[in-house]
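Peer 1:
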Amino acid sequence: MVGKQNLRSWAVALGLLLLGSDSVVDAAACGKKPIIRKEWRTLTSTEKSSYLSAVNCLLSAKTAPALTPPLPDGSTSGVLSRYDDLSYTHVLQTMSVHFVGHFLPWHRLYVATYESMLRNECGYKGAQPYWDWTLDAESPEKWVSSPVFDPETGFGGNGDWVENDPTSWFPPVPGRTGGGCVRDGPWAGKEDVVHMGPGESTALNNQCLKRDLSPAFAARFVSWNQTRHTLGQGTYEEFTGAVEGKTNFDESGVHGGGHYGVGGNFGQMGDLHQSPADPIFYLHHANLDRLWWSWQKLNLTTRLKEISGPSVMMQPTSPPVTLDFPMTLGVSYEEATVGDVMNIMGCGKDGVLCYDYDKLYTL
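The sequence shown begins at 1141 in our numbering and counts up by one.
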């Protein structure tokens, strides 16, 4: 695991690429009306096309050469693009930003940084869309035909069937249906969409984008019933616990429900380290953030300050996360605290974020 000082040095180097633009809050939006995030299916065809074009821009934009030295073992780094910069950050911090109190704040900052990169570096004019999976989890037919999987106006769908690996320590995801390279969509037929992985490896390993849809898993863990159960939790500790669930398939939460419902065993979305390699990751986590904001809004005065949970993964007796807890992102030249991201409409006055959602969940 890379320490904070190394991440901070990496961020300073990359800051040269970001001068003139705020990596978290758009300067034009700060102090004005927040940008509004909308559900993918409500966007016009033109808006969807603009978003996908911006994603492809990040996928093709080169990273800073100073950030891609050979790895300690002499192998070539898989960090080739600006898109990879964020994926790399997630790989490095995977074991320190899951099953901890700052899971939701860190990913809120992470998605907001991606949103800002799309806008400031690739000319995207809209806000980060979200995917309300509760609209698609009612049946297997609705899941596989979700607008996010549309081959023309979405992210493409499933991959061909791949047999389970009997030698793997990881059990088969219940109801998985694919596992191979995506058959259609913007990245079909491309063998170098993903540059790292699987797992924690950051060495260059060109791969296709893979999906392994599991409608059954999604139906169980990202349905409206599960989402409503999560929204109804009384404390932050209970809420974030319901979002993440447990580490087994029988007690997953909406977080794992979206990941394994798309990635299964063999898709990047099912890889804890490499999941951001699938662009659907950002729509999934935008909706998790929307769920958190919906929960906060039920008692906003209290929940803008409510944070708890361990600071070390799976160590409940580790020091608790507080509003002053620092968070780093490799693509950001500044450090934010948990308190900086509690209010998504802080707009520079009460935090570093400046966006809102068109609709929220209600009980």
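We treat Cβ as the ideally placed atom computed from N, Cα and C, and that holds for glycine.
(1) Does DSSP classify S1256 as helix, strand or coil?
(2) Helix, strand or coil for I1175 per DSSP?
(3) Tell me the rounded alpha-carbon separation between F1295 and W1301.
(4) Identify the residues that DSSP records as bridge partners of S1392: which are they?
(5) Which one or two residues does DSSP pair with A1343 in a beta bridge?
(6) Just to confirm my understanding: we take G1512, look at its own chain, exclude 5 residues before and 5 after, and list those with CB closer than 6 Å. What are they?
(7) Quick one: give me the first and last residue of the beta strand (DSSP E) that V1322 is part of.
(8) How would you write the range of the beta strand (DSSP E) that Y1497 sits in, first residue to last?
(9) Residue ranges of each beta strand (DSSP E) run of no fewer than 3 residues wholly in the segment 1426-1498, ordered along the chain?
(10) Given P1338, which residues of its chain have a CB within under 7 Å of its CB, disregarding the five upstream and five downstream residues?
(11) When you compare each of L1232, Y1191, V1195, L1198 to E1340 by their alpha carbons, which one comes out closest?
(12) Indicate whether L1220 and H1335 have their beta-carbon atoms separated by less than 8 Å.
(13) Is L1198 near L1258, with beta carbons less than 8 Å apart?
(14) According to DSSP, what are the bridge partners of Y1270?
(15) Go ahead and pull the three-state DSSP assignment for W1301.
(16) Determine whether the beta carbon atoms of P1419 and V1195 lie at a separation below 8 Å.
(17) CB P1326 to CB L1226, shorter than 8 Å?
(18) Looking at the ligand HEM, does it come within less than 7 Å of D1418, judged from the CB to the closest heavy atom?
(19) Need the endpoints of the alpha helix (DSSP H) that D1224 sits in, please.
(20) In whole angstroms, give me the CA-to-CA distance for H1424 and P1355.
Peer 2: Working from what's here:
(1) Here residue 1256 refers to the residue found at position 116 of the sequence shown. Correct three-state label for S1256: helix.
(2) Counting from 1 along the sequence shown, the entry for residue 1175 is found at position 35. Three-state DSSP puts I1175 in a strand.
(3) Position 155 of the sequence shown, counted from the first residue, corresponds to residue 1295. Position 161 of the sequence shown, counted from the first residue, corresponds to residue 1301. Straight-line Cα distance between these residues: approximately 19 Å.
(4) If you number the sequence shown from 1, residue 1392 lands on position 252. According to DSSP, S1392 bridges with G1385.
(5) Taking the first residue of the sequence shown as 1, we reach residue 1343 at position 203. Answer is S1217.
(6) This structure gives no information on residue 1512, because the portion of the chain shown stretches from 1141 to 1503.
(7) As a first step, residue 1322 is located in the sequence shown; it is residue number 182 there, counting from the start. 1319-1322 is the span of the beta strand (DSSP E), which, as asked, contains V1322.
(8) Here the question's residue 1497 lines up with position 357 in the sequence shown. Element bounds for Y1497: 1495-1497.
(9) 1495-1497
(10) Within the sequence shown, numbered from 1, the residue matching residue 1338 stands at position 198. The residues are D1411, Q1414.
(11) As a working mapping, residue 1340 is identified with position 200 in the sequence shown. Nearest C-alpha to E1340: L1232.
(12) Indexing the sequence shown from 1 puts residue 1220 at position 80. Indexing the sequence shown from 1 puts residue 1335 at position 195. For L1220 and H1335, yes; Cβs fall inside 8 Å.
(13) The residue labelled residue 1198 in the question sits at position 58 within the sequence shown. The residue labelled residue 1258 in the question sits at position 118 within the sequence shown. Yes, they are a contact pair.
(14) Against the sequence shown, residue 1270 aligns to sequence position 130. Answer is E1179, bridged to Y1270.
(15) The count along the sequence shown starts at 1 and reaches residue 1301 at position 161. The answer is strand: DSSP assigns W1301 an E or B state.
(16) Locating residue 1419 in the sequence shown gives position 279, where the first residue counts as 1. Locating residue 1195 in the sequence shown gives position 55, where the first residue counts as 1. Contact: yes.
(17) Taking the first residue of the sequence shown as 1, we reach residue 1326 at position 186. Taking the first residue of the sequence shown as 1, we reach residue 1226 at position 86. No, the pair does not count as a contact, with Cβ atoms beyond the cut-off.
(18) Judged by which ligands are present, the structure shown has none, so any question about the ligand HEM falls away.
(19) As a working mapping, residue 1224 is identified with position 84 in the sequence shown. 1222-1233 is the span of the alpha helix (DSSP H), which, as asked, contains D1224.
(20) Position 284 of the sequence shown holds residue 1424. Position 215 of the sequence shown holds residue 1355. Rounded to the nearest angstrom, the two C-alpha atoms are 15 Å apart.
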